[in-house]
Amino acid sequence: MNQGRRIRPHGGWIGAAAAAFSGWTAGGPSTKGLRMQMAMAGENSFGDTTPDSPRVFSSEPAPGSQQHGSPQEGLRNLATLLVLFAFMLALGASIGFVVVYWTSASHALLGGMAALTMASFGCGLVLWSHWFMKHEQVIDVRETLSSPPAEQQAVTKDFLADDQVQRRKLLLGLVSGTLAAFAAAFVSLFRSFARPPYPALKPTIWRQGDRLVTLEGRPVNINTLDVGSTLSVFPENRIDAENAQVVLVRVNQNLLRLPAARANWAPSGYLAYSRVCTHAGCSVGLYEAELCLLECPCHQSTFDVLSGAQPTGGPADRELPQLPLYADADGNLRARGDFSAPPGPGFWGLP
Amino acid sequence: MIREIGDWFDARLHLAKFVRKALNHAFPDHWSFMLGEIALYSFVFLVVSGVFLAMFFNGSAVQQIYHGSYKALDGVSVSAAYQSVLHISFDVRAGLLIRQMHHWAALIFLAAIVMHLSRIFLTAAYRRPREINWMIGLTLLLLALANGFFGYSLADDLLSAAGVRIAYSVLLSIPVVGSWLTFAFFGGVVPTDATIPRMYALHIFVIPAVLAALIGLHLAIIWKQRHTNYPGPGRTDRTIVGSRMWPSYAAKSVGLCFLVFAVIAFLGAFVQIDPVWIYGPDNPAAILPNAQPDWYLGWMEGVLRLFPAAHVHVGHFLIPEIFFPGVLFPALLFLLLYTFPFLERWFILDDERTHHILLLPYQQPLTTAFGCALFMFLLVLFFSGSDDVIAVATGNSVVAIRTILRILVFVAPAATFFIAYAACRLARRHIAPQAAPSVADD
Numbered sequence: 001m002n003q004g005r006r007i008r009p010h011g012g013w014i015g016a017a018a019a020a021f022s023g024w025t026a027g028g029p030s031t032k033g034l035r036m037q038m039a040m041a042g043e044n045s046f047g048d049t050t051p052d053s054p055r056v057f058s059s060e061p062a063p064g065s066q067q068h069g070s071p072q073e074g075l076r077n078l079a080t081l082l083v084l085f086a087f088m089l090a091l092g093a094s095i096g097f098v099v100v101y102w103t104s105a106s107h108a109l110l111g112g113m114a115a116l117t118m119a120s121f122g123c124g125l126v127l128w129s130h131w132f133m134k135h136e137q138v139i140d141v142r143e144t145l146s147s148p149p150a151e152q153q154a155v156t157k158d159f160l161a162d163d164q165v166q167r168r169k170l171l172l173g174l175v176s177g178t179l180a181a182f183a184a185a186f187v188s189l190f191r192s193f194a195r196p197p198y199p200a201l202k203p204t205i206w207r208q209g210d211r212l213v214t215l216e217g218r219p220v221n222i223n224t225l226d227v228g229s230t231l232s233v234f235p236e237n238r239i240d241a242e243n244a245q246v247v248l249v250r251v252n253q254n255l256l257r258l259p260a261a262r263a264n265w266a267p268s269g270y271l272a273y274s275r276v277c278t279h280a281g282c283s284v285g286l287y288e289a290e291l292c293l294l295e296c297p298c299h300q301s302t303f304d305v306l307s308g309a310q311p312t313g314g315p316a317d318r319e320l321p322q323l324p325l326y327a328d329a330d331g332n333l334r335a336r337g338d339f340s341a342p343p344g345p346g347f348w349g350l351p
Numbered sequence: 352m353i354r355e356i357g358d359w360f361d362a363r364l365h366l367a368k369f370v371r372k373a374l375n376h377a378f379p380d381h382w383s384f385m386l387g388e389i390a391l392y393s394f395v396f397l398v399v400s401g402v403f404l405a406m407f408f409n410g411s412a413v414q415q416i417y418h419g420s421y422k423a424l425d426g427v428s429v430s431a432a433y434q435s436v437l438h439i440s441f442d443v444r445a446g447l448l449i450r451q452m453h454h455w456a457a458l459i460f461l462a463a464i465v466m467h468l469s470r471i472f473l474t475a476a477y478r479r480p481r482e483i484n485w486m487i488g489l490t491l492l493l494l495a496l497a498n499g500f501f502g503y504s505l506a507d508d509l510l511s512a513a514g515v516r517i518a519y520s521v522l523l524s525i526p527v528v529g530s531w532l533t534f535a536f537f538g539g540v541v542p543t544d545a546t547i548p549r550m551y552a553l554h555i556f557v558i559p560a561v562l563a564a565l566i567g568l569h570l571a572i573i574w575k576q577r578h579t580n581y582p583g584p585g586r587t588d589r590t591i592v593g594s595r596m597w598p599s600y601a602a603k604s605v606g607l608c609f610l611v612f613a614v615i616a617f618l619g620a621f622v623q624i625d626p627v628w629i630y631g632p633d634n635p636a637a638i639l640p641n642a643q644p645d646w647y648l649g650w651m652e653g654v655l656r657l658f659p660a661a662h663v664h665v666g667h668f669l670i671p672e673i674f675f676p677g678v679l680f681p682a683l684l685f686l687l688l689y690t691f692p693f694l695e696r697w698f699i700l701d702d703e704r705t706h707h708i709l710l711l712p713y714q715q716p717l718t719t720a721f722g723c724a725l726f727m728f729l730l731v732l733f734f735s736g737s738d739d740v741i742a743v744a745t746g747n748s749v750v751a752i753r754t755i756l757r758i759l760v761f762v763a764p765a766a767t768f769f770i771a772y773a774a775c776r777l778a779r780r781h782i783a784p785q786a787a788p789s790v791a792d793d
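Residue numbers (the numbering used here), protein chains in the order written: chain B, 1 to 351; chain V, 352 to 793.
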């Protein structure tokens, strides 16, 4: 039987390509042929006497089902050998996995054994199915999905159960109210997860007089950096304070273009900015010394350190908060106070 | 023997009829129907390998000094989570293999979901009666995206910590409720010790449970509605043609399952993934290498980079620049996808009939062209997520590459739309006489 066979339409290269695709997907005889084939499929299934047997639509014997002595027997034996080989390889590789696991446990060998056993087992199953199982298509009737109106009405009636429930309006109202209260009680549990965002989001991290120290805790001195270099610094004794990290840059003092109000924030050309990008919170860790630009490695926003870290490119469009600095009598750098704005990414209540 | 066991159960559960129906259930056969199966089998693998990893992973961000077998980090302050990932990778027997396979399986899971979704879209399988399964499928995609991100973030390495910061900033940008939402989820200003335990609970328990339940529902609905058929002989909106489930289809499908596992095992064994010991632990003073997310979040990374820098003030309040690409864009994208079956009905085809026969892509030129354009749009965004890498590789500046991509992100989808539309029309003209029509309500 051949109903499932492909019919190749013709009509130039597009037709050929389309035929290849639709042949792949379906095959494409006309509607008329389709009806005829359905009728034939129906006839073919009448012979079956088992109750509710599936109606066979098309059936081809397994390619490897040739009888003994047939011309394809050699091929059949070859196919048998291949499937046998696949399963034996799977078996062997599984044992290999066990041996490797209990001896060297080498990563690549172990993974290789796992891949080999599963690949050959999978191939064995697929080939077994393809060569030694009947290629059979069955046809089935699809049930209509929407129920007949009578059934729909009956279920509605039984669900509403008008004749079985008294005081429905009053009590249902109260039950709904109770459920809403349950929901409110449940939702309030979420408050346990959320400490109030304020003042944490608008923190006072740096206090006047805080010394700037490195991650290792060493204080930073007026001679620590050369012009054009940079360093990550933190408030002394509070190195892991949220959002406190600062990028310290030293620039040529003559180039500074800070707003007038910040004129004394940069002793000896030392500029300190929040290291948390105002765009998406990454660490603004790259510095291009010739251009005096800080760059965020996540989305390549750039900030001009000479003008108060105004954004000059990329998706950020708010400046990095600046930390006002002064040098004490010993030359150590200290904060004059907190950042010029809350550091980090923006939010609704950000002033 | 098998008969006796069967009888034993049948005498208690009256199973024979149901089991026989299941064995003879017609499953339409086509390579494109395997994509969903691949997703299913990778999910199974993720659960099994995830259980193994959960035995060793320590979901805590408490800092400790590392003194493990990876000598290059000896004496460095790391989180307990990061330490346990190094322990899995270097000390647990087969630990590195399972961890890498778990990560690869996640990438394959998402790739299979996306390809499955594309197949559904291009063959119009989302039409009535399958709108529910279309929406369940999209929910599965969203959950898979979230869980992939959480899993990636649990290692608490330098790279994934940057991802957490970005997610924090995105959530924080939501007007009015953003800061409360962010604190409810992350537990404070990141980096904070509260975040990892929460992501861990979601990653190994809440989301997998919901995924498993929705996958079960997805399959149950397929069982109830029966699978779609490509057009062909015997296939109408009232009939279904396919292989019997047993034995040949089952053998092939289980075979496919093992082949999926084999690919995962091969990648896990021979292709290194997420070597967190090279990235190093999260550290406020460190400089991040070229950061790229896992592939399935590339489009998000791209839109964050391409979107113009523009914040909005509403009175005294701020809507930060990241809100538009980070929240609004994906929300609109998924809204579009969720409502697509209905939008198509209203704007493209006024067709409310029940369909069980799939359309071939050329049979619905407008929808196909739209889908291809959307895919191209996301593809350009995906590459935009690596614009710095492209800039370095091609010797251009990031600014130049970004300008090109900003043009391309509109031009390429538009061109794709017209090309796909023209190709469909052309194909329809050449194939239509031969192709079996979709026989609706025959």
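Ideal placement from N, C-alpha and C gives every residue a C-beta, glycine not left out.
Check	Outcome
Mind listing the chain B neighbours of Gly375(V)? Cutoff is C-beta to C-beta under 9 angstroms, in chain order.	Note on residue identity: the sequence assigns Asn, not Gly, to residue 375(V). Within 9 angstroms Cβ-Cβ: Asp52, Ser53, Pro54, Val138, Asp140.
Would you mind telling me which residues of chain B sit closer than 9 angstroms to Glu672(V), beta carbon to beta carbon, in chain order?	Thr278, His279, Pro315, Ala316, Asp317, Arg318, Gly346
Kindly say whether Asp739(V), judged by its beta-carbon, lies nearer than 7 angstroms to any beta-carbon of chain B.	yes
Mark Ala185(B) as exposed unless 16 or more other C-beta atoms lie within 10 angstroms of its C-beta, in which case mark it buried.	exposed
I'd like to know whether the C-beta of Gln72(B) is nearer than 7 angstroms to at least one C-beta of chain V.	no
Once DSSP output is grouped into helix, strand and coil, what is the label at Gln715(V)?	coil
Over the uninterrupted beta strand (DSSP E) stretch that includes Phe668(V), give me the two end residues.	668-670
Tell me, which residues are paired with Leu333(B) by DSSP?	Ala327(B)
If you follow the alpha helix (DSSP H) that Ser120(B) is part of, which residue opens it and which one closes it?	107-132
With a CB to CB cut of under 7 angstroms and the five nearest residues on each side skipped, what residues in its chain are close to Val561(V)?	Leu494
From Gly349(B) to Ala309(B), what does the alpha carbon distance come to, in whole angstroms?	22 angstroms
CB-CB under 8 angstroms to Leu447(V), same chain, minus the five flanking residues each way: which ones, in chain order?	Ile439, Ser440, Phe441
According to the neighbour-count rule (16 or more other Cβ atoms, all chains shown, within 10 Å of its Cβ), is Gln245(B) buried or exposed?	buried
Just verifying my parser: in three-state terms, what is the DSSP assignment at Glu151(B)?	helix
Taking only beta carbons into account, state which residues of the stretch 478-503 of chain V come closer than 8 angstroms to chain B, listed in chain order.	Pro480
Any contact between the stretch 409-417 of chain V and the stretch 530-547 of chain V? By contact I mean 3 or more CB pairs, one from each, below 8 angstroms.	yes
Given Ala373(V), which residues of its chain have a CB within under 7 angstroms of its CB, disregarding the five upstream and five downstream residues?	Met596
Among Leu248(B), Leu325(B), Pro267(B), whose alpha-carbon lies nearest the alpha-carbon of Tyr287(B)?	Leu248(B)
Taking the alpha carbon of Phe384(V) as the reference point, which residue from Val731(V), Leu468(V), Arg478(V), His365(V) has its own alpha carbon closest?	Leu468(V)
What residue from Pro61(B), Gly313(B), Ser176(B) has the CA that sits closest to Phe132(B)'s CA?	Pro61(B)
In this structure, does DSSP put Ile572(V) in helix, strand or coil?	helix
Is Gly619(V) close to chain B, meaning its C-beta is less than 7 angstroms from at least one C-beta of that chain?	yes
Return the Cβ separation of Leu271(B) and Val251(B) in integer angstroms, given the expectation that the two are a contact with Cβ distance under 8 angstroms.	6 angstroms
Hey, Leu565(V) and Leu491(V) are a contact pair by Cβ (cut 8 angstroms); roughly how many whole angstroms apart?	6 angstroms
Would Tyr630(V) pass as an interface residue toward chain B - the criterion being a Cβ-Cβ separation below 7 angstroms?	no
With DSSP as the reference, label Phe378(V) as helix, strand or coil.	strand
Per DSSP, which residues does Arg595(V) bridge with? Please list them.	Ala377(V)
Across which residues does DSSP place Gln310(B) in a beta bridge pair?	Asp304(B)
Compare the Cα-Cα distances from Phe97(B) to each of Leu294(B), Ala114(B), Phe85(B) and report the closest residue.	Ala114(B)
Quick one: is Gly722(V) near chain B, going by C-beta distance under 7 angstroms?	no
I'd like to confirm the pairing. Which residues does DSSP put opposite Ala272(B) in its beta bridges?	Leu248(B)
What does DSSP give as the partner residues of Gln322(B) in its beta bridges?	Tyr273(B)
Along the chain, where does the beta strand (DSSP E) that runs through Pro267(B) open and close?	Here Pro267(B) belongs to no beta strand (DSSP E), and DSSP marks it neither H nor E.
Going by other Cβ atoms of all chains shown within 10 Å of its Cβ, with 16 needed for buried, is His706(V) buried or exposed?	buried
Assuming Gln714(V) and Arg779(V) are in contact, meaning their beta carbons sit under 8 angstroms apart, how far apart are those beta carbons, in whole angstroms?	7 angstroms
Starting from Tyr630(V), trace the alpha helix (DSSP H) both ways and give me its first and last residue.	627-630
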